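S.K.: Numbering (this note's numbering), first residue to last: 12 to 252. Dropping a structure here in structure tokens format, bear with me for questions.
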Amino acid sequence: MRTLVVGDIHSGVRALEQLINKAKVTSKDHIIFLGDYVDAWSTAVETVDYLIRLKREYRCTFIRGNHDELCRVWLMDQKENPQWLAHGGKATRESYLNADREKWEAHLKFYRELKNYHLTDDNRLYLHAGYTNLKGVDYEYFEQTFYWDRTLWELATAMDRNLEPSDPKFPKRLTHYKEVYIGHTPLSKTAFMEPQKRANVWNVDTGAAFKGGLTMMDVESKEYWQSDPVFTFYPGERGRN
């Protein structure tokens, strides 16, 4: 059994379908999705439909992303959120307005059941954005941090790469987990990028909402697969570019 982690999809279901085939995913694998399933491309409803079907055939864990939460709130009350609309929400709104309300209810259930983080028996942590508490995720004060924080990746990238976990200057919040897997902060908005590791933090958001591809990684072997640039699946659309 492989544990496969998937970066931010941003409604790019066509790229995800390509990845499932490229990685030759089987029912023995565990797929951990890091969130941001919607906002960017036109197939938001189709993306969540596909994820719901995928869960019936494969072992899947779905993490909550900030865009998923923004979408859930809109589905609940339809109140306009200019920030959401400006960052991919407009395409998602249009996708849902063309779907029947029974579909909305099924998707609201999906969004409600998303997890803020997932910690495995081998002490690998998976979450969308980050955490700030020096004692780790169990001590975080505000759950929104799990899907909005950017300081974890900022900290990891700013560190002296020669620091070892035993060094007193090594950040305490990184000492609790063997590895941490995140998305949320795209590694590039203009170029095709491979996933990157800083300290013990892996960022697998390779810019699917922009000019990059969608990434899936085997957390044991570190082998990874990438889709074609996601925008090539959606000719004539801007995504978040």
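Quick reminder that beta carbons are idealized off the backbone N, C-alpha and C, glycines included. A quick note: this is a predicted structure, and the numbers were derived from the prediction, not measured.
Find out if the Cβ-Cβ distance for the pair Tyr192, Gly76 is shorter than 8 Å.
M.R.: No.
S.K.: Met170 by DSSP, collapsed to three states: which one?
M.R.: If DSSP states are grouped into helix, strand and coil, Met170 belongs with coil.
S.K.: Measuring CB to CB, does Trp52 end up less than 8 Å from Gly18?
M.R.: Taking 8 Å as the Cβ cut-off, Trp52 and Gly18 do not qualify as a contacting pair.
S.K.: On the CB-based measure, 16 or more other CB atoms within 10 Å of its CB, does Glu80 come out buried or exposed?
M.R.: That one is buried.
S.K.: Tell me which residue opens and which closes the alpha helix (DSSP H) that Thr58 is part of.
M.R.: Note, Thr58: alpha helix (DSSP H), 55-68.
S.K.: Quick check on Ala169: buried or exposed, where buried means 16 or more other Cβ atoms within 10 Å of its Cβ?
M.R.: So Ala169 ends up on the exposed side.
S.K.: I think His129 touches Ile74, with their Cβ atoms under 8 Å apart; what is that distance to the nearest whole Å?
M.R.: Between Ile74 and His129 the Cβ distance is about 6 Å, and since that is below 8 Å, they are a contact.
S.K.: Tell me whether the stretch 162-179 and the stretch 79-94 touch, counting them as touching only if at least three CB pairs, one residue from each stretch, are closer than 8 Å.
M.R.: No, the stretch 162-179 is not in contact with the stretch 79-94.
S.K.: Jot down the residue ranges of each uninterrupted beta strand (DSSP E) in the stretch 176-236, minimum 3 residues, whole runs only, in chain order.
M.R.: For the stretch 176-236, whole beta strand (DSSP E) runs of length 3 or above, ordered along the chain, are 190-193, 207-209, 212-214, 226-229.
S.K.: From this set, Trp236, Ala219, Val230, which residue's C-alpha is nearest Met12's C-alpha?
M.R.: For Met12, the nearest C-alpha among the options comes from Val230.
S.K.: Put Tyr128 into one of helix, strand or coil per three-state DSSP.
M.R.: Correct three-state label for Tyr128: strand.
S.K.: Helix or strand or just coil, what does DSSP make of Thr14?
M.R.: In this structure, Thr14 counts as strand in the three-state DSSP scheme.
S.K.: The alpha helix (DSSP H) that contains Arg135, what's its start and end?
M.R.: First-last for Arg135: 135-138, but that is the beta strand (DSSP E), not the alpha helix (DSSP H).
S.K.: Where does the unbroken beta strand (DSSP E) through Phe44 begin, and where does it stop?
M.R.: Residues 41-44.
S.K.: Give me the Cβ distance between Thr82 and Asp50, rounded to the nearest whole Å; I'm assuming they're in contact under 8 Å.
M.R.: According to the sequence as given, residue 82 is Cys; it is not Thr. About 7 Å; that satisfies the 8 Å criterion.
S.K.: Who are the near neighbours of Gln207 in its chain, counting only those whose CB is closer than 8 Å to its CB and skipping five residues on each side?
M.R.: Once the five neighbours on either side are set aside, the close Cβ partners of Gln207 are Leu198, Trp213, Asn214.
S.K.: Answer yes or no: do Val148 and Leu136 have a C-beta to C-beta separation smaller than 8 Å?
M.R.: Yes, Cβ-Cβ distance for Val148 and Leu136 is below 8 Å.
S.K.: Please state the DSSP three-state secondary structure of Phe153.
M.R.: In this structure, Phe153 counts as coil in the three-state DSSP scheme.
S.K.: Determine the DSSP secondary structure at Ile20, reduced to helix, strand or coil.
M.R.: Of the three classes helix, strand and coil, the one that applies to Ile20 here is coil, per DSSP.
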